[in-house]
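Asks: Just so we're on the same page, the numbering used here is the position in the sequence shown counted from 1, plus 8. Even glycine gets a Cβ: it sits at the ideal position worked out from N, Cα and C. Because the structure is a prediction, the values reported are computed rather than measured. Sharing a structure, written as structure tokens. Questions coming.
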Amino acid sequence: MTQTIRKFLRNIYRWRIVYLMFLPVFAYYVIFHYIPMYGAVIAFKNYQPAAGFKNAEWIGLKHIIDFFKSYYFVRLLKNTLRISLTSLIFGFPAPILLALLLNEVKSSGYKRIVQTVTYFPHFLSIMVVCGMIVNFFSHNGLVNDIIEILGGSRTDFLLEPSAFTPIYVGSGIWQSIGWGSIVYLAALSGIDPSLYEAARIDGANRFSQAIHITLPGIIPTITVMFILRVGSIMNVGYEKIILLYNNLTLESADVISTFIYRKGLLNADYSYSTAVGLFNSVVNFGLVVAANAVSRSVQETSLW
């Protein structure tokens, strides 16, 4: 046994409690994330459950080519990118702004109240959130009541294709802004307080301190979170969309994930839906690699 192996085993024994705590997490990812990757092989086969994985006929890239040629491809890609980019443009800066504002609050009691109120929606079930959205934006809902009081006319927002994206993105920001700000608040706590003291001595006001000290201090965290967010541009969760869309909004609300759900679970076309999902994952992986490379070349901050 070499010296390196002995040293490795000694470290394992020394930190055995930590490794035991990590073991369930490791087992979770192996069982539910890595082993199922074997199932991606059916994207290149004409899979039938009765035949099994090994006996299914190989057809190569036929499913992916059929998806590219299908009537739905342009619509799905357009809707997915529109919803994702809108969420990125408006949703990504929201927790950063909240963290910066909370960092400027001096009253600890008020800060705790704001944090509690903004964290709470994160713990609501998606069913509850969608139920609230339906109640608020229905023809007789609270939003239409307010519009009518202000002199406007009632609108069936949930039946308007143009209103789907703002409702989806806005509710997503409301649900995630508080929880997302935790990472940036943690980054803010690591900034050296002496920098602020030096800035105050030089006559900098709070806005100047935020621009020249606070923001640069959390830029590495913002960069890493942005790279991760870019890597999920093609992933628009199907649960919320399925609970909110209808036949009238399908044209603007149908995305790749909902298409995979219908094809795979409702139509039992497992190979085709797996091929579409694999295409989605490959695009996301490419976006992560590209964003990471650009970030590393521009400011030397990256995931790897």
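Would Ile-91 and Lys-248 be called neighbours here (beta carbons separated by less than 8 Å)?
Replies: no
Asks: Taking buried to mean at least 16 other C-beta atoms within 10 Å of its own C-beta, is Ala-283 buried or exposed?
Replies: buried
Asks: If distances are taken between C-alpha atoms only, which option among Arg-270, Ala-48, Trp-187, Ser-146 comes closest to Gly-68?
Replies: Ala-48
Asks: In or out: Asn-152 buried (at least 16 other Cβ within 10 Å) or exposed?
Replies: buried
Asks: Taking its Cβ as the centre, do 16 or more other Cβ atoms sit within 10 Å of Ile-20, making it buried, or is it exposed?
Replies: exposed
Asks: At a cut of 8 Å, does the stretch 250 to 261 reach the stretch 229 to 242 through at least three beta carbon pairs?
Replies: Between the stretch 250 to 261 and the stretch 229 to 242, the count of C-beta pairs closer than 8 Å stays below three; the two stretches do not touch.
Asks: Within 10 angstroms of the Cβ of Val-244, are there 16 or more other Cβ atoms? Answer buried if so, exposed if not.
Replies: buried
Asks: Determine which residues share a DSSP beta bridge with Trp-4 and list them.
Replies: Because the chain here runs from 9 to 312, residue 4 falls outside it and cannot be looked at.
Asks: Give me the Cβ distance between Leu-84 and Asp-262, rounded to the nearest whole Å; I'm assuming they're in contact under 8 Å.
Replies: 6 Å
Asks: Looking only at its own chain, which residues have a Cβ that is under 8 Å from the Cβ of Arg-304, when we skip the five neighbours before and after it?
Replies: Ser-310
Asks: Rank Pro-57, Phe-145, Glu-156, Gly-160 by C-alpha distance to the C-alpha of Glu-168 and give the top, closest one.
Replies: For Glu-168, the nearest C-alpha among the options comes from Phe-145.
Asks: Tell me whether Lys-114 sits in a helix, a strand or coil according to DSSP, three-state version.
Replies: coil
Asks: Who are the near neighbours of Phe-98 in its chain, counting only those whose CB is closer than 7 Å to its CB and skipping five residues on each side?
Replies: Apart from the 5 residues on each side of it in sequence, Phe-98 sits with its Cβ closer than 7 Å to the Cβ of Val-177, Ile-181 in its chain, given in chain order.
Asks: Can you tell me which of Tyr-280, Ala-102, Gly-60 puts its alpha carbon nearest to the alpha carbon of Ser-78?
Replies: Tyr-280
Asks: Three Cβ pairs or more, each shorter than 8 Å: is that satisfied between the stretch 156 to 173 and the stretch 259 to 277?
Replies: yes
Asks: When the distance is taken between beta carbons, is Ile-175 closer than 8 Å to Phe-3?
Replies: Outside the shown range of the chain, which is 9 to 312, sits residue 3, and nothing can be said about it.
Asks: So for Leu-132, helix, strand or coil by DSSP?
Replies: coil
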